[in-house]
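Each residue of the sequence shown is one higher than the one before, counting from 1 in full-length UniProt numbering. Here is the structure we will look at, set down as structure tokens.
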Amino acid sequence: MTQGLEEHQDESPRSLPADRHSTLVRQGSPADACQNHLIWGRPSSLRSVDSTLDLERDAYCEERDGQEGKLPGEHVTPCNGEGPEQALEERQRQATPEAPDGGWGWIVVASTILVLALTLAFPSCIGIFYTDLQTEFNASNTETSWVPAIMTAVLHGGGPLCSVLVELYGCRPVVMLGGILSGSGMAASFFAQSITALYLTAGVITGLGFCFSFQPAITMIGHYFVRRRAFANAMSSTGTALGLSILPLLAYFLRGRYGWRGSFLIFGGILLNCCVCGAVLRPLHPKRRSSRGLDRQRPSDTDDGHPRQTKPPGGLKGRLWATLSVLVSFLHRHMGFDLLRSNPRYRAFSLSVSWMMLGFTVPLLYLVPYATSQGMEQQRAALLMSILGLVNIFMRPAVALVFGLPRFRRSPYFVYMFATAILVNGLSNSVCGIAATFPVLLVFVVMFGLSMSFIGSLLVTVLMDTVDIRRFHSALGLICCMESVSVLMGPPLAGLLLDRTGQYRWIFFACSVNVATAGLFLMGSFLYLDRQRRREAQSHPPPPCEQPLRPVLALSAPDTRYSPVPSHSQQAQDPGQDPGQDSANVSDV
């Protein structure tokens, strides 16, 4: 551009042809303008010329696409030089509706509170019926612990299937389906005649219903809130605390009145309320039905970004290869394995949370049996679980208000407080292993409840800050799948340790070491990643922004010259300068 200006400075302004003037302003063919998207300052005298340039650039782009044989609806390489994958992400970003940060979103938060109270808190109530199940089926500690382990594992491990259903049908029907499954599973447990039958009814079916209910509900909060997301997530997490404070006392009352079978049947009817909660999860915009067509084909599934219909090769080998390709595409799209490879923060977060879940839920399951084995009454032991829920009810809104302040609206604060809470939670388990008296267990419950409030309030917020919101359901599905392995192995390992040692305290000591190391790993990983990011920012500073030369055309002046556009400060210093005086300084450019 500067070369073009210097080339024409020595020419007579009166003899400057119109075609050369147009070439100077446009600086290049429509192809160059189409590829580079050159943005110039536009004085009022050049608006007509610039509009002509825009029309010619658009005409060139359409002509180029027509020559390449692109059909309507196909994925074409955008005219700005971006690849098809970037173009797809840009279209998805533009199609994402704006979060209202309120309004009907508060109804969604209230619905999520009730869903979490009925799903995430329910596995902890199995400890109330722990001795009843052992007596009824003459099962060992390891065999009995598989019931809540399978329930919690399927609750977390069904994430990929839940992600597929959410993408196909939306959050509302999936939550309602989860309510039907969980209610049916607990009602079917009334007819169980063996501990193995409970593995299927109370474990697999009920756990899958819990998964279909709570994951889409949490995802809806991410769509309705952006600026108040931390507060909304913290408020919704109070549902778990609400369930922990009410469900143990309710389970104790139903157990004394109707036994464990009647209690499971009544809980099956209560869990059907998830269908009502799902009915109010109104989407922000209606989902288009386009299960077929070229618009549903991802550019990543092709070599050049264009849709391609291919038939698998014949024979058994071809069918196996086609099945493997579909499986790989499914895992890539709904499991977020690419995030583990490309996002180190998400990798550290998912590994630490998965390791934490190996011992995080075990103390809640064995607290009541531990207390009753030392001579404590069943009612007082159930009261400890209710106190744990009450601590969470009061602390989680307080955590939400504190981290909703402007000075805390940064992800580093969230993740480090989250790691500290995990560390404190692990240390609290060692307090529980000292003795089984009510004062000692009360101290444990308070410490565990405080740390659990921070963990429950910040877990989803940290995850949303770690990944893009459009990949949140895939990231959440992968983490839940990884957690399912941990929560599936935790209770049986604790039951095996109990059968070998005969003492509950060793379970709490083992959980203390497990959870505390997870917090230390998360904190150390993010400290290293943040330090690495600062070093990269210092070694690669952003280039300075230079003011480019811009053409100015004075049509009313007798002489036409080119010079830099004066800034506002220069105009203020000499507002009465004549255009001819400005053109006298062209040789200084």
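No residue lacks a Cβ here, since even glycine has one placed at the ideal position from N, Cα and C.
Excluding five sequence positions before and after Ile-507, the CB atoms of its chain that fall closer than 7 angstroms to its own CB belong to Val-362, Tyr-366, Ala-494, Leu-497, Leu-498, given in chain order. Under the three-state reduction of DSSP output, Asn-233 falls in the helix class.
Collapsing the DSSP output to three states places Asp-132 in a helix. Counting only runs of 4 or more residues that sit fully inside the segment 169–225, the alpha helix (DSSP H) segments are 171–188, 195–198, 206–224, in chain order.
Of all C-beta pairs linking the segment 127–134 to the segment 247–258, three or more are shorter than 8 angstroms, placing the two stretches in contact. Residue state for Leu-247 is assigned as helix, using DSSP reduced to three classes. Ranked by Cα distance from Val-515, the options Asn-429, Gly-178, Ala-121, Val-445 are led by Asn-429. With a cutoff of 7 angstroms on beta-carbon distance, Phe-191 and Leu-265 are scored as not near each other. Assigned with DSSP and collapsed to three states, Pro-283 falls in coil, not helix or strand.
Boundaries of the alpha helix (DSSP H) around Tyr-528: 505–539. Across the structure, Gly-157 and Leu-488 are spaced so that their CA atoms are roughly 10 angstroms apart. Taking a 10 Å sphere around the C-beta of Ile-393, we find 16 or more other C-beta atoms and assign the residue as buried. For Met-452, the enclosing alpha helix (DSSP H) begins and ends at 438–466. Pairwise C-beta distances place the segment 217–235 in contact with the segment 100–116, as three or more of them are shorter than 8 angstroms. Rounded to whole angstroms, the gap between the alpha carbons of Ala-230 and Ser-163 is 23 angstroms. Taking one beta carbon from each stretch, the segment 516–529 and the segment 419–438 have 3 or more pairs nearer than 8 angstroms; the two touch. Leu-133 and Trp-260 do touch by the CB rule: their CB atoms are close to 7 angstroms apart, below 8 angstroms. For the pair Leu-208 and Leu-281, the Cα-to-Cα distance works out to about 19 angstroms. Here Ile-434 carries a coil assignment [DSSP, helix/strand/coil]. Across the set Ser-329, Val-115, Thr-240, the C-alpha of Val-115 shows the shortest separation from the C-alpha of Cys-275. Look at the beta carbons and you see the segment 524–539 touching the segment 336–352: at least three pairs across the two are nearer than 8 angstroms. Less than 7 angstroms divides the Cβ of Ala-188 from the Cβ of Thr-201. Sequence-distant partners of Phe-214 (beyond 5 residues in either direction) whose C-beta falls short of 7 angstroms from its own C-beta, in its chain, are Val-115, Leu-116, Thr-119, Leu-120. Look at Asp-499 here: in three-state DSSP terms it is helix. When the beta-carbon positions are compared, Arg-396 and Ala-232 stay at least 7 angstroms from each other. At least 7 angstroms separates the beta-carbon of Pro-344 from that of Gly-170. Met-186 is not a Cβ neighbour of Phe-253, given a cutoff of 7 angstroms. Minimum Cα-Cα distance from Cys-480 among the listed residues Cys-432, Gly-256, Met-176, Phe-210 corresponds to Phe-210. Its chain contains Ala-381, Leu-384, Ala-436, Leu-441 as the residues whose beta carbon lies nearer than 7 angstroms to that of Ala-371, once the 5 sequence neighbours on both sides are disregarded; these appear in chain order. Here Pro-369 is not near Ser-145, since their CB atoms are 7 angstroms or more apart.
Exposure of Glu-377 is indicated by the presence of fewer than 16 other C-beta atoms within 10 angstroms of its C-beta. Only exposed fits Ala-537, as fewer than 16 other CB atoms lie within 10 angstroms of its CB.
Note that the C-beta distance between Leu-272 and Gly-179 is below 7 angstroms.
Taking a 10 Å sphere around the C-beta of Leu-177, we find 16 or more other C-beta atoms and assign the residue as buried.
Beyond the five residues adjoining it in sequence on each side, Ser-263 comes within less than 8 angstroms, by CB distance, of Phe-129, Ala-251, Leu-254, Arg-255 in the same chain, given in chain order.
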